[in-house]
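In what follows, a structure is listed as structure tokens, so that the remarks can point back to it.
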Amino acid sequence: ISTYLQLLTMLAKARQPAEASNLFNALLQDNLRPTTAIFTALLIVLTKTNHFTKAVKDFESMRLYEGCLPDKYTYTAMIKGCCEAGLYDQARKIFNEMIVEGVKPTIFTFNTLIFGYGKAGRFRDIERVLTLMDSYGVKSDTVTWNTLIRVFGLHNRIPAMEQAYEGLLGQGLLPDVVTLNSLLSAYGKAGLFEKMHSVTDYMVRYSYPMTTVTYNTIIKMYGMAGEIDQVDMAFKRMETEGVKPN
RNA sequence: CGGCUUCCUUC
């Protein structure tokens, strides 16, 4: 069953829903019993590939298999799927069901909700989630702040984004490469190139790795702004820094 | 140890 789980996880990453369904049937034919993790992996591939209705059906029917009750992973995956499908009421319903079933939401659950609402610009809902999180005694982590920074950046809410960055520092956490790449993306989108530079300076000063993603972000942002010379410089710098283009 | 969240990769 571990073999099947590993294979399903790979198929989820590769977004191969048909192959994943075939594999699930093969597992049954091998007289193996599916597990909650197997169903979760299956739900992930389905929601990732716009087979949301099928995912809900499997989410409902998994309970018919012995020992296959949804757990914190399953609920979080379904909440993410609902948000990506734009079904926020459904996401909330599944969260409530999770609570009723006695499955404790984790930081993953809350971060997923924040990202889902944030992408859609539902900032009131984010506030609600943060309050809820507090009431469950779950403490925000770097990913929480990164998520807030990302979603505010996506919506060009630069002051709110910078407030989230301050929140991260205020909690005694350090930015990671995802934080800084998100800042680069937002500043680039807003045309705040001086601020982009202060982020890259910061990365150099504190020895953050300038990854392929970092350079891809810089190239994309300058490209969108029509700053072709900057694009060229960034690409050449990748080569001199030994960062491989992907 | 293996399945859930945040950065570029069709906007």
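Quick note on the working numbering: the first sequence kicks off at 33 and runs consecutively. Glycine residues also receive a C-beta, built at the ideal position from the N, C-alpha and C atoms.
Residue 102 classed as buried or exposed, judged by whether at least 16 other C-beta atoms fall within 10 angstroms: buried
Residue 229 - DSSP class collapsed to helix/strand/coil: helix
Validate contact between the stretch 104-118 and the stretch 78-93 using beta carbons, cut 8 Å, 3 pairs: yes
Inter-residue CB distance, residue 254 and residue 263 (contact presumed, cutoff 8 Å): 5 Å
Residue from 134, 132, 61, 127 with nearest C-alpha to residue 140: 127
Entirely enclosed alpha helix (DSSP H) segments - the stretch 238-268, minimum 4 residues: 244-256
With 16 other Cβ atoms within 10 Å as the buried cut-off, status of residue 204: exposed
Straight-line gap, residue 202 to residue 250 (C-alpha atoms, nearest Å): 27 Å
Residue 235 versus residue 207: straight-line alpha-carbon distance, rounded: 10 Å
For residue 165 and residue 142, the rounded distance between their alpha carbons: 7 Å
Residue from 172, 184, 209 whose Cα sits closest to the Cα of residue 218: 184
Residues near residue 68 by beta carbon distance below 8 Å, same chain, minus five either side: 94, 99, 100, 101, 102, 103, 105, 106
Rounded separation between residue 90 and residue 239 - CA only: 46 Å
Cβ-based burial, residue 144 [other Cβ within 10 Å; buried from 16]: buried
Coarse secondary structure for residue 129, derived from DSSP in three states: helix
Three-state secondary structure (DSSP) of residue 100: coil
Residue from 159, 108, 130, 39 whose Cα sits closest to the Cα of residue 56: 39
Burial state of residue 277 (16 or more Cβ within 10 Å): exposed
Anticipated Cβ contact below 8 Å, residue 181 with residue 215, distance rounded: 7 Å
Residue 80 burial status per 10 Å Cβ neighbour count (16 or more: buried): buried
Cα-Cα separation, residue 135 to residue 268: 51 Å
Residue 38, enclosing alpha helix (DSSP H) - first and last residue: 34-45
CB of residue 65 within 9 Å of CB of residue 120, strictly: no
Three-way DSSP call (helix, strand, coil) for residue 223 in this model: coil
Helix, strand or coil at residue 120 according to DSSP, with G and I counted as helix: helix
Proximity of residue 70 and residue 78 at Cβ, strictly below 9 Å: no
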